[in-house]
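Numbering (the working numbering), first residue to last: 95 to 439. A quick write-up on the structure given underneath.
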Amino acid sequence: MHVSRRTLLLAGAALPLAGCSTSGQWQAVTLDAAPTALAPLGTGLLIGTAGPALAGPAGAIAVTTSTPYGNEANWVSLASHGERIVGLGTTHGGAHANNRWTTFTGTTTAVTDLDQPFDVFHGWGAGQLVAAVLSGDQPVIVGSWQSPIAGNDVAVWLLDGSRWTRRDSAGTPLASTTTSLVQAAAAEGGTRLMVAGQAIELSPLRTRAMVWTTLDPRGDWAYVELPSTATTTSAQAIATMADGWLVAGRADDQLIAWTITADLNITPVEVPQTPAGDSVQVAGGPDRRALIVAADGARVRALVGHTGSWQSSTLPGTSVVAAAWSDAPAVITRAEQGTTLYRLR
């Protein structure tokens, strides 16, 4: 589970960034193992690789596993707040090879997995887990769980001591109904918890992009619909910006994006026409710049900049796994031969 300091070295062919004002190049980062998750950490990156292993700006971060599935976990999501780190990993197991989830908590010095009773994240009502975040200092897991009414609800788990406890979504905006089925795709922590996803309206049939939000994950939730004229619109990624949040997803088969202010006002973001499938990632940068990465199953396209000034480039791979912006934009893509981390230099 060792990640050496060569995680910080750059190797491979440089990829030019097309545009009128940016001369940077995407460069592959040499790692000891396949990368699967990213998060900003201070002025650098928190990188999750197979092992499971972690590296920060200062080098390797110790990962202690105490469960069989923890030993085999691949990172799904990472988040940091100050010195604190929370992570979500998965592998496949059991008779039906279902997801077996593992959660990790700790600091920039070391993290460890938290052994949980089977029915905390698994069992008859289990859905998918999509993100681990820190809402202030409160670790939160976001995913789905069987609804008592229809389909699955958006679900959140909070850490009480060393045990995760799922909050009841019934009667809240996180719950599905007989006419609207909700689904989470991504989450962002900080002073306000933001969950991005979709609601499938059954009559007439259409899919709407949604964001659910709360100032306190133990308290009340609200939701906002993200505007689109498309029949099928989903929000797949969300990131913190200097003055709010950036959300991106797919409208039919094209990339779509929005900004949300602190008082929850929504503004569509003008982006170049970009094919998009179920693989979109975003990251917020300095000076209101942003990174939006979309893949359509054939290629990965990255946009860096802001409305009216986007620089576009194509990265190797067929899907995008993760994106972050610390001292520079970073992207993990997946190709037939595996995953690769690229940084814009």
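Quick reminder that beta carbons are idealized off the backbone N, C-alpha and C, glycines included.
- The region 257-277 and the region 231-247 touch, with no fewer than 3 CB-CB distances between them shorter than 8 Å.
- Taking 8 Å as the cut-off, the beta carbon of Ala204 is found closer than this to the beta carbon of Ala156.
- Non-local beta-carbon contacts of Thr334 in its own chain, meaning distances under 7 Å to residues more than five positions away in sequence, involve Glu282, Gly284 and Gly378 in chain order.
- In the three-state reduction of the DSSP assignment, Gly153 falls in the strand class, which pools E and B.
- By the criterion of a C-beta distance shorter than 6 Å, Ser413 is surrounded in its chain by Ser373, Ala389 and Arg428, once the five residues flanking it on both sides are discounted.
- The Cβ atoms of Val305 and Ala329 lie closer than 8 Å to each other.
- The secondary-structure analysis by DSSP pairs Tyr317 across a beta bridge with Trp306.
- For Asn165, the three-state secondary structure derived from DSSP is helix.
- When DSSP states are grouped into helix, strand and coil, Arg382 belongs to the helix group.
- The closest CA to that of Arg344, considering only Leu409, Ser322 and Leu252, is found on Ser322.
- The same chain holds no residue with a CB closer than 8 Å to that of Asp213 once the five nearest residues on each side in sequence are set aside.
- Going by DSSP, Pro242 is part of no beta strand (DSSP E) at all; its letter is neither H nor E.
- Taking the C-beta atoms as reference points, Pro366 is found no nearer than 8 Å to Trp315.
- Beyond the five residues adjoining it in sequence on each side, Ala133 comes within less than 7 Å, by CB distance, of Leu140, Leu172, Ala173, Ser174 and Ala418 in the same chain, given in chain order.
- Counting along the chain, the unbroken beta strand (DSSP E) around Gly138 starts and ends at Gly138 to Thr143.
- Beta-bridge partners of Glu282 (DSSP): Met288.
- In the DSSP assignment, Trp258 is bridged to Leu253.
- In the three-state scheme derived from DSSP, where H, G and I count as helix and E and B as strand, Phe212 is classed as helix.
- Secondary structure at Gly118: coil, using DSSP grouped into helix, strand and coil.
- Arg261 and Gln119 have their alpha carbons spaced roughly 45 Å apart.
- Linking Val224 to Ser403 through their CA atoms gives a straight-line distance of about 31 Å.
- In the structure shown, Leu409 falls within a strand segment according to DSSP collapsed to helix, strand and coil.
- Nearest in C-alpha terms to Gln232, of all of Leu299, Asp381, Thr259 and Ala331, is Thr259.
- Taking a 10 Å sphere around the C-beta of Thr301, we find 16 or more other C-beta atoms and assign the residue as buried.
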